[in-house]
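*Asks:*
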Amino acid sequence: MPDHPAAAAARLPALRGRRGRSRRWRAAILEGGGWTLSGLALFVLLFPILVMLSTSLKTLNDVYRVPPSWVPAPLTLQNFADIWTRYPLGTYMRNSLIIGVGATLLNLAAAIPAGYAVARLRFRGRETFMLLLLLIQMFSPIVVLIPLFKIMAALHWLDTYWALIVTNTVFTLAFSIWMLASYFRAIPGEIEEAALVDGCTRPQTILRIAIPVAAPGVVTTIIYVFITAWNEFVFALTFISRTEMRTLTVGLYTFIGRWAVQWHYLMAAALVGIVPVVILFMFVERHLVRGLALGSVK
Numbered sequence: 001m002p003d004h005p006a007a008a009a010a011r012l013p014a015l016r017g018r019r020g021r022s023r024r025w026r027a028a029i030l031e032g033g034g035w036t037l038s039g040l041a042l043f044v045l046l047f048p049i050l051v052m053l054s055t056s057l058k059t060l061n062d063v064y065r066v067p068p069s070w071v072p073a074p075l076t077l078q079n080f081a082d083i084w085t086r087y088p089l090g091t092y093m094r095n096s097l098i099i100g101v102g103a104t105l106l107n108l109a110a111a112i113p114a115g116y117a118v119a120r121l122r123f124r125g126r127e128t129f130m131l132l133l134l135l136i137q138m139f140s141p142i143v144v145l146i147p148l149f150k151i152m153a154a155l156h157w158l159d160t161y162w163a164l165i166v167t168n169t170v171f172t173l174a175f176s177i178w179m180l181a182s183y184f185r186a187i188p189g190e191i192e193e194a195a196l197v198d199g200c201t202r203p204q205t206i207l208r209i210a211i212p213v214a215a216p217g218v219v220t221t222i223i224y225v226f227i228t229a230w231n232e233f234v235f236a237l238t239f240i241s242r243t244e245m246r247t248l249t250v251g252l253y254t255f256i257g258r259w260a261v262q263w264h265y266l267m268a269a270a271l272v273g274i275v276p277v278v279i280l281f282m283f284v285e286r287h288l289v290r291g292l293a294l295g296s297v298k
């Protein structure tokens with residue numbers, strides 16, 4: 001028998017209250033789960049850095065102590081002094097910096113006009129060109145290690161900066177063109193047409209209009225190329241044999257001996273190697289976050 005309308009109406013406040021409490025509980029559970037997962041992800045990301053920091057402040061005997069201690073006792077900064085005085089860490093970092101900056105500049109010099117052409121010009125084979133770029137990204141660089149070594153030897157580029165600058169440029173160029181082309185497409189064509197009407201040439205339009213407006217994409221590309229070149233190991237190990245030309249990643253590898261690993265020096269040098277990347281990120285962080293936000297909207 002159906003409820004009387006008056007009785008049903010009397011139960012409505014109680015039903016609404018239960019539903020409201022249920023929604024609040026679900027929201028609280030979801031929020032708590034989100035914070036828990038975020039904390040877990042943060043721990044996973046920070047744990048290796050904490051291990052590096054702890055190990056870099058230990059003596060060699062403390063590193064191999066069982067059970068291990070998280071807080072060094074005694075705490076020492078001698079490891080950081082030794083990696084500068086006993087090893088050519090400054091030379092390794094200088095080489096990595098030259099290669100990273102060189103690859104970044106060369107990449108931008110090629111990717112900006114190529115990305116602009118793909119975004120603005122209509123030419124035969126444009127879609128095929130973009131698909132070929134995507135295909136290049138699917139190949140692992142290690143597959144072409146031996147052919148590249150033969151090419152570098154034929155060009156007499158082994159043990160030179162050019163070998164690594166060109167290699168890093170080539171393997172980051174496809175992503176850079178895709179990235180910059182997406183930003184150039186988002187620029188209203190009317191802005192560039194107005195600049196052309198005012199007397200700007202096409203190169204001037206790119207320099208004065210397109211690049212400033214697409215600055216977030218340019219900054220994102222700079223970060224990507226520099227970090228890729230800074231962290232590259234396999235090609236640097238293969239193309240470089242002279243000690244004075246080694247990069248930081250290969251220099252860190254020298255702390256791994258045949259019979260033992262100098263963990264205290266390795267962790268100290270690795271921490272020092274993070275500093276340039278952190279400084280670069282802090283310098284361009286505002287533009288990078290803006291660029292990622294714009295890219296997600298697109």
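Residue numbers (the UniProt record's numbering): 1 to 298. Here a beta-carbon is modelled for each residue, glycine too, at the ideal position from N, C-alpha and C. Predicted model, so just to flag it, every value in this text is computed and none were measured.
Valine 101 to alanine 28, Cα distance in whole Å?
*Replies:* Each residue's Cα considered, the two are about 48 Å apart.
*Asks:* Which residue marks the beginning of the alpha helix (DSSP H) containing glycine 125, and which one marks its end?
*Replies:* Glycine 125 -> no alpha helix (DSSP H), and no H or E assigned at all.
*Asks:* From Trp263, Arg120, Met282, pick the residue whose C-alpha is nearest to that of asparagine 79; which is it?
*Replies:* If we check each option's Cα against that of asparagine 79, Trp263 comes out closest.
*Asks:* For the alpha helix (DSSP H) containing methionine 93, name the first residue and the last one.
*Replies:* Looking at the DSSP string, the run of the alpha helix (DSSP H) that includes methionine 93 is 89–120.
*Asks:* Opposite valine 261 in the DSSP bridges: which residues?
*Replies:* In DSSP, valine 261 forms a bridge with Ile256.
*Asks:* Do you know how far the Cα of threonine 247 is from the Cα of methionine 93?
*Replies:* Distance between the alpha carbons of methionine 93 and threonine 247 is about 7 Å.
*Asks:* Is the distance from the Cβ of isoleucine 223 to the Cβ of isoleucine 165 below 8 Å?
*Replies:* Not in contact: isoleucine 223 and isoleucine 165 (Cβ atoms no closer than 8 Å).
*Asks:* If we ignore side chains and look at the alpha-carbon of each, how far apart do tyrosine 116 and leucine 106 end up?
*Replies:* One C-alpha to the other measures close to 16 Å.
*Asks:* Note down, one range per segment and in chain order, each alpha helix (DSSP H) of at least 4 residues found wholly within the region 36–75.
*Replies:* Segments of the alpha helix (DSSP H) lying fully in the region 36–75: 60–63.
*Asks:* With 16 as the cutoff for other CB atoms within 10 Å, does arginine 242 come out buried or exposed?
*Replies:* Exposed.
*Asks:* Taking 7 Å as the cut-off, is the C-beta of glycine 115 nearer than that to any heavy atom in the ligand ATP?
*Replies:* For the structure depicted, the ligand ATP is absent and the ligand set is empty, with no information on it obtainable.
*Asks:* Contact between the region 108–128 and the region 169–188: three or more CB pairs below 8 Å?
*Replies:* Judged by Cβ distances under 8 Å, the region 108–128 makes contact with the region 169–188, as three or more pairs qualify.
*Asks:* Taking leucine 271 as the reference, give the member of Leu108, Leu89, Arg126 with the closest Cα.
*Replies:* Checked all of Leu108, Leu89, Arg126; the closest Cα to leucine 271 is Leu89.
*Asks:* Could you check the C-alpha separation between glutamate 285 and leucine 97 for me, to the nearest Å?
*Replies:* Glutamate 285 and leucine 97: Cα-Cα distance of roughly 19 Å.
*Asks:* Helix, strand or coil, according to DSSP, for glycine 199 in the structure here?
*Replies:* Correct three-state label for glycine 199: coil.
*Asks:* If you follow the alpha helix (DSSP H) that valine 225 is in, where does it begin and where does it stop?
*Replies:* Residues 215–231.
*Asks:* On a Cα-Cα basis, can you pick out the residue from Leu155, Leu133, Leu37, Leu145 that is closest to threonine 181?
*Replies:* The question names threonine, but residue 181 in the sequence shown is alanine. The shortest Cα separation from alanine 181 among Leu155, Leu133, Leu37, Leu145 belongs to Leu133.
*Asks:* Using a 10 Å radius around the Cβ and a threshold of 16 neighbouring Cβ atoms, would you call asparagine 168 buried or exposed?
*Replies:* Result: buried.
*Asks:* Decide if the region 52–71 is in contact with the region 249–267; the criterion is three or more beta carbon pairs, one per stretch, under 8 Å apart.
*Replies:* Enough Cβ pairs lie closer than 8 Å, so yes.
*Asks:* For the alpha helix (DSSP H) that contains alanine 154, what are its first and last residues?
*Replies:* Element bounds for alanine 154: 145–154.
*Asks:* When the Cα of proline 188 is compared with those of Val275, Glu232, Val213, which residue comes out closest?
*Replies:* Comparing Cα-Cα distances from proline 188 to each of Val275, Glu232, Val213, the minimum goes to Val213.
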